[in-house]
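Peer 1: This is the structure I have questions about; it appears just below.
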Amino acid sequence: MKIGVCGTGRMGASIAQRLIAVGHEVGVWNRDVTKTRPLTDAGAKLYASPAELAAGCEAVVVMLLNDAATESVYRSPNGILKAELAGKLIIDMSTVRPDTMISVGSAVAQKGASFVECPVGGSTVPAREGKLFGLVGGAQADVARAMPLLEQLCRRIEHVGALGAGATMKLAINLPLLVYWQALGESLTICRPLNLPAERLIDILSDTAGAPAAMKGRGSIIAKVLGGAPLGETAFGLSAAKKDLATAVQFAASIHAQLPVAASALACFEEAEAAGLGDADATTVSIRWAQRPAKP
């Protein structure tokens, strides 16, 4: 199948790698063309615009950073909506506001294409292995059409409702994890008087009911960095995590809900980003807080 990947940042590139690995003919587009080179070296075809990508492929997987990028890639003069979309399948895996997903999805459907939103849980390694958690929104017939492709990318797929439902669910699942990374830093702070090695502290904290599953993969890395090792590979960037928290807080305000804990965590992520850690892994927020100088 000819599948386009629109947006080849960390996650988009990993998804493209998975699609190549399972035998699809893959096309790619990214605003920064240098981010497509490892994929084109692996056999992917480079397209000059989102419109050309959509025109040249049977299906397009969209993975973009934020709402502004989404609006631009769909609605710009060379955007997806400028292509002849009748009969195409568009699967948007971006983490954006539900109203943004509803808006672009409705516009795609009006042009005769099937549109499914499927923001995903999981980072780059699960993406390359086809083990993401897909949170799907869309019409039943469109979801059924997309399912064979989604099954090659995801270990679990949940169709949670109409367009916008997937985006809502994705914000909900990211929120407690990102709050946890800040809470972990605070937990480590109050352990300072114990003078225990970082590896032992993380091992203890990981083996408790309060630890998320993500600690299995990231805990040892956090411990090593706390012990003086350099920052490791970025699986989920701090700036992207900050964006997801900000999106959740903004969406909550739009439905007259309050997220006081998430808003406080967001401020800490913003501080870490301002300190130059935006490209580091989101778990760096824990490390930064744990290493803050004590105040009298």
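Numbering (the numbering used here), first residue to last: 14 to 309. Where a beta carbon is used, it is the ideal one built from N, C-alpha and C, also for glycine. What you are looking at is a predicted structure, and each value in this text was computed from that prediction instead of being measured.
Here's a check: name, in chain order, each residue in its chain whose Cβ is nearer than 8 Å to the Cβ of Ser219, leaving out the five neighbours to either side.
Peer 2: Within the same chain, Ser219 has close Cβ partners Met228, Lys229 and Gly232.
Peer 1: If we ignore side chains and look at the alpha-carbon of each, how far apart do Leu32 and Cys281 end up?
Peer 2: Straight-line Cα distance between these residues: approximately 36 Å.
Peer 1: Can you name the residues that DSSP bridges to Val18?
Peer 2: In DSSP, Val18 forms a bridge with Val41 and Val74.
Peer 1: Could you pull the DSSP bridge partners for Lys255 from this structure?
Peer 2: In the DSSP output, where bridge partners are listed per residue, Lys255 has none listed.
Peer 1: So, at 8 Å on beta carbons, what are the nonlocal neighbours of Arg169 in its own chain, with the 5 sequence-adjacent residues on each side left out?
Peer 2: Phe146 and Gly147, listed in sequence order.
Peer 1: Could you tell me the boundaries of the alpha helix (DSSP H) in which Asp105 lies?
Peer 2: Segment Leu102 to Asp105 is the beta strand (DSSP E) holding Asp105; no alpha helix (DSSP H) there.
Peer 1: Rounding to the nearest angstrom, what Cα-Cα distance links Ile28 and Gln271 in this structure?
Peer 2: The alpha-carbon atoms of Ile28 and Gln271 are separated by roughly 34 Å.
Peer 1: Taking the DSSP output, what are the residues bridged to Val129?
Peer 2: For Val129, which the question treats as bridged, DSSP gives the partners Ile104.
Peer 1: Under the three-state reduction of DSSP, which class applies to Ile170: helix, strand or coil?
Peer 2: In this structure, Ile170 counts as strand in the three-state DSSP scheme.
Peer 1: Secondary structure at Leu214, three-state DSSP: helix, strand or coil?
Peer 2: It is helical.
Peer 1: Counting along the chain, where does the beta strand (DSSP E) carrying Val109 start and finish?
Peer 2: Here Val109 belongs to no beta strand (DSSP E), and DSSP marks it neither H nor E.
Peer 1: Tell me whether the beta-carbon of Lys255 lies closer than 8 Å to the beta-carbon of Leu78.
Peer 2: In this structure, Leu78 does not lie closer than 8 Å to Lys255 by Cβ.
Peer 1: For the putative contact between Asp105 and Val75, defined by C-beta atoms under 8 Å, what is the C-beta separation to the nearest angstrom?
Peer 2: Contact flag correct, Cβ pair sits at about 4 Å.
Peer 1: Can you give me the C-alpha to C-alpha distance between Met24 and Val298, rounded to a whole angstrom?
Peer 2: C-alpha separation (whole angstroms): 20 Å.
Peer 1: Using only CA atoms, which one of Ala236, Ile16, Arg88 and Gly179 lies nearest to Tyr60?
Peer 2: Answer by Cα proximity: Ile16.
Peer 1: Using the three-state DSSP reduction, which class does Asp294 fall into: helix, strand or coil?
Peer 2: Three-state DSSP puts Asp294 in a strand.
Peer 1: By the three-class DSSP mapping on this structure, what secondary structure does Val35 have?
Peer 2: Three-state DSSP puts Val35 in coil, outside helix and strand.
Peer 1: Within a Cβ cutoff of 6 Å, which residues of the same chain sit near Asn91, ignoring the five residues on either side of it in sequence?
Peer 2: Within the same chain, Asn91 has close Cβ partners Ser62 and Ala64.
Peer 1: Compute the beta-carbon to beta-carbon distance between Asp294 and Phe264, rounded to the nearest angstrom, for a pair I have assumed lies under 8 Å.
Peer 2: With 8 Å as the limit, Asp294 and Phe264 do not qualify as a contact, their Cβ atoms being about 24 Å apart.
Peer 1: What does a CB cutoff of less than 7 Å around Ser107 pick up in its chain, not counting 5 residues either side in sequence?
Peer 2: Only Val75, Met76, Leu77, Thr83 and Pro132 meet the Cβ criterion.
Peer 1: Residues bridged to Gly134 by DSSP?
Peer 2: Beta-bridge pairing links Gly134 to Phe146.
Peer 1: DSSP on Leu279, reduced to helix/strand/coil?
Peer 2: Of the three classes helix, strand and coil, the one that applies to Leu279 here is helix, per DSSP.
Peer 1: Any contact between the stretch 169 to 183 and the stretch 136 to 156? By contact I mean 3 or more CB pairs, one from each, below 8 Å.
Peer 2: As far as the Cβ criterion goes, the stretch 169 to 183 touches the stretch 136 to 156, which means the pair count is three or higher.
Peer 1: Along the chain, where does the alpha helix (DSSP H) that runs through Thr47 open and close?
Peer 2: Segment: none, Thr47 is in no alpha helix (DSSP H) and carries neither H nor E.
Peer 1: Given this structure, state the Cα-to-Cα distance separating Ile186 from Ala26, to the nearest angstrom.
Peer 2: Using only the alpha carbons, I get a separation of about 22 Å.
Peer 1: Which one of Glu212, Trp42 and Leu166 has the shortest CA to CA distance from Lys58?
Peer 2: Of the candidates Glu212, Trp42 and Leu166, the one whose C-alpha sits nearest the C-alpha of Lys58 is Trp42.
Peer 1: What is the rounded straight-line gap between the Cα of Ala222 and the Cα of Ala120?
Peer 2: Answer to the nearest angstrom: the Cα atoms are 44 Å apart.
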